[in-house]
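Structure first, commentary second.
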Amino acid sequence: MKKFKLRREEPRHLEYQIEYENLLNKAQLDAVMHQNGPALVVAGAGTGKTRTLVYRVARLIESGVNPSSILLLTFTRRAAREMLERASAVLDERCRKVRGGTFHFYCSQLLHEYAPKIGYPSNFTIIDTADSLEVIQLLRTELKLHQKSKRFPRKSTVKAIISASINKQLSIHEVVDQNYDQFMHHIDNIELLARAYVKYKADNFVMDFDDLLVNTLHLLSDKEVLEKVRAKNKYVMVDEYQDTNALQAELVRMFTSEKQNIMAVGDDAQSIYRFRGADHKNIMRFPDIFSGTKIIKLEENYRSTGNILHLANLVLAGAREKYDKTLFTSREKGELPALVKTEDGREQSRFVSQMILNLREQNIELKDMAVLFRNSRDSFDLEIELNKKKIPFIKYGGQKFAEAAHIKDVLAHVRVLVNPTDAIAWNRVLNLIEGIGPKTSSELIQWLKSSSNPYEFSDSGMVNGAYKNGLLSLSQLLIDLKTNDFTPSEAIEHINTYYKPRCEKKYDDHPKRLKDLEAFAAIATGYRSYDQMLEELALDPIEATAVDTLAGKEDENPVILSTIHSAKGLEWEHVFIIQCLDGVIPSGFSLSNEEDLDEELRLLYVAITRAKDMLYVSYPVIQHGGFGDVFTKPSRFLDDINESNLEPWLLVDEDDESSETPLLN
DNA sequence: TACGGGAATATTTTT
DNA sequence: TATTCCCGTA
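Residue numbers (my numbering): 1098 to 1762.
Spelled out as structure tokens, the structure:
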């Protein structure tokens, strides 16, 4: 009889330099130690989701996994950077070699690498929403669709329809039928325009954000490419899985090798991207896609005080759809969250800004405070007040720096250098010249396409008329930029000089815009090449209000203003939620649909759970509008919350010294 | 054909 | 309230 010798595998953790057992709770440790096969980490707000991912990255690398064979997909590039920085801090520099970023960023990398496989040159340009609106406008005019008797949808609506059809994987017909019923009689022309849009992008070698995903999926239908990509992705991790849509879920499946070493992390209660085709039920379907999925739940909250977490749980309980989780914390109860009713928007702004100053006097740093709101415009009034009181702030969500018309004008010149087939950029560049309009510009672009030297306009035989001099100086600029080896920053300065008189003519508020352009040249020193600059600006856009900070002009860490969507995954000691009104949150557009209403409720839940120590919820009683003043009603999600969970505060005029007011402590 | 002015209109959240 | 669209004029 043969003798068996039992050999027990050494417990792995003995080999690790990081003491995971002491740093993580049981569930977190489970996730961090998970090695092979699919896993789903359902992580409630503030339960250490990021921490878990960071330590798993470190742990995999410690156990000998090559960092560059790990793919970490996150919702923003900022999140990816932060995670890899933290991982490097707990382990070592190897963690920086982990490949990571947003779906869009990773897809764009793959596409640049394999572009010829799908008939694109590798220097294809990524166009942003504004660019794609311009294309739609152009095509609509070309197809003469606006001359029909009944009103044709505006370009932004057309774009929204096309994008929805891709992200929700429905036909144009289905999208219009379901969400844009009023345009159903235009359906043929909308479909015609959508097809023309697809063709235009292919002809001009540009891709919009949706194309990055669609074309990657297309690319991966090539078996050879698929195998190469999968071979590189030994371990895949996806953050914020609740906000992936069907298309992204499919991509995740494609990225993952047969070994199925995939870990998804998310929280269905925090799904807030339904409008982009995300389905919070997607996360619960994960085990169906990857059989044998190990499910790990993180339910202990380390972020918020007991009172804040209790309020969050109460709000979430009001959802039509029930979530089988109640977060708990061992933190102290803390202060009761405040409900602040103000007279109007102005008073709300004064309350918030005054409170920020008070907190700063108590040695709380501005960067540890945030003001959150439903819509980007909800903070306009507050921004004015903060500027008046000279409180520095950065606003996340809303307009991006590179989306401003004057920045796009300057960037368009760089774009035509990088990709001379980029007709959208050419159109922008040419239209800046006095005397050139849509017609002349399109004729010139026609000539460019067959020209071997597209920057030398004198070859075109079209340099005459009112725009002669303008065209010649453009040639001069572009040839200068092409022949000299300028850094991106130097190039921006050259373009600025050329652009200045045109900017002054085009915009009444040119002093502000010219200042922006100077700041832009300063920021551009951070880019290595034209390509990299364009790519970064498109996929990781700079917040418009961050310009002074980035250009090194601010000396104090700014307070954060953010839409709730952009606040995802972040946390602050003191959080203000402003404009907490019915019709704002929930948005007036969601009122007729239960599913939409639930999503708005989750949005408020996300906002509340951003707070660590103190939460202030405020709303104005009167809104001043164009048609007179309107009386408002606080958010319906607060209806069933009583005063022992959300304490009403009384505001008393600052000048009235005799009265008691929380503002004066 | 370019461009400015006045009327119409729809109005969120992001990569 | 700001943007988009349309039309008249140069």
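Glycine included, each C-beta is placed from N, C-alpha and C at the ideal position.
Rounded to whole angstroms, what's the CA-CA distance from residue i to residue j? Just pull it up for me.
i	j	result
S1166	V1138	21 Å
A1343	N1264	7 Å
F1448	A1616	32 Å
Q1132	R1153	9 Å
A1414	A1375	22 Å
M1630	K1709	36 Å
Y1117	E1429	25 Å
S1476	F1554	47 Å
M1351	R1327	8 Å
L1747	V1437	7 Å
N1593	A1155	45 Å
S1262	V1311	12 Å
C1600	K1612	12 Å
G1534	N1528	6 Å
F1372	T1341	11 Å
E1355	V1232	41 Å
I1552	Y1624	Contrary to the premise, residue 1552 reads as Tyr rather than Ile in this sequence. Looking at the two C-alpha atoms, the distance is approximately 24 Å.
L1240	N1524	18 Å
L1541	T1642	37 Å
M1711	K1123	28 Å
E1397	L1735	25 Å
T1147	V1129	11 Å
A1140	P1213	40 Å
Measure how close the beta-carbons of residue i and residue j come, nearest whole angstrom, since I'm counting them as under 8 Å.
i	j	result
R1174	T1199	6 Å
Y1277	T1313	So it is not a contact: roughly 28 Å between Cβ atoms.
I1530	L1568	6 Å
L1454	K1486	7 Å
A1136	T1390	6 Å
Q1445	S1715	5 Å
L1433	E1744	4 Å
Y1294	L1236	6 Å
W1669	D1465	6 Å
L1678	P1731	6 Å
R1699	I1369	6 Å
M1281	V1272	That belief does not hold up - the Cβ atoms of M1281 and V1272 are roughly 11 Å apart, past 8 Å.
Under DSSP, the beta strand (DSSP E) around residue i begins and ends at which residues?
i	result
S1232	In the sequence under discussion, the amino acid at residue 1232 is Val, which differs from the Ser named in the question. Per DSSP, V1232 belongs to no beta strand (DSSP E); it is in the alpha helix (DSSP H), 1226 to 1239.
K1391	1391 to 1395
S1205	Unbroken run through S1205 is the alpha helix (DSSP H), 1200 to 1211; no beta strand (DSSP E).
K1492	1490 to 1493
A1467	1466 to 1470
T1660	1656 to 1660
Y1113	It is not in any beta strand (DSSP E) - Y1113 carries neither H nor E in the DSSP assignment.
F1673	1669 to 1674
Y1332	1332 to 1335
M1130	No beta strand (DSSP E) holds M1130; the alpha helix (DSSP H) holding it covers 1123 to 1130.
A1641	Unbroken run through A1641: none, as it is neither H nor E.
Leaving out five residues on either side along the sequence, give the residues of the same chain with a beta carbon under 6 Å from the beta carbon of residue i.
i	result
T1622	S1586
I1380	Y1338, Q1339, G1363, D1365
Q1676	F1470, D1475
L1242	F1249, N1286
V1774	Only positions 1098 to 1762 of the chain appear in the structure, and residue 1774 is not among them; the question remains open.
V1560	F1554, L1568
So, at 8 Å on beta carbons, what are the nonlocal neighbours of residue i in its own chain, with the 5 sequence-adjacent residues on each side left out?
i	result
S1687	D1693, L1694, E1696, E1697
A1409	A1142, S1401, L1424, Y1702, I1705, T1706
M1334	L1150, R1153, V1154, I1167, L1168, L1169, L1170, I1359, M1360, A1361, V1362
A1499	D1225, K1505, L1508, L1634, A1635, P1638, I1639
R1417	E1691, L1694, D1695
F1172	T1199, D1336, E1337, D1340, K1665, G1666
I1461	E1670, H1671
Give every residue of the same chain whose Cβ lies closer than 7 Å to the Cβ of residue i, excluding the five residues on either side of it in the sequence, and list them in chain order.
i	result
S1663	Y1493, G1494
S1684	R1471, E1697
L1761	For L1761, the predicted model reports a pLDDT of 38, less than 50, meaning its position is unreliable; a value from the coordinates is still stated below. So the list is empty, once near-sequence residues are dropped.
Q1266	A1343, L1344
R1512	T1222, D1519, A1522, L1631
F1202	R1174, L1636
Terminal residues of the continuous alpha helix (DSSP H) containing residue i?
i	result
D1385	1379 to 1386
M1452	1442 to 1458
A1619	1607 to 1620
E1061	Because the chain here runs from 1098 to 1762, residue 1061 falls outside it and cannot be looked at.
Next on the checklist: When you compare the region 1491 to 1502 with the region 1740 to 1747, are there three or more beta-carbon pairs, one atom per stretch, that lie closer than 8 Å?
Outcome noted: no
Checklist entry - Quick check: the region 1507 to 1525 against the region 1294 to 1303, are there 3 or more CB pairs under 8 Å? => result yes
Next on the checklist: I'd like to know if the region 1597 to 1604 and the region 1188 to 1195 are in contact, where contact means that at least 3 CB-CB pairs between them fall below 8 Å.
Outcome noted: no
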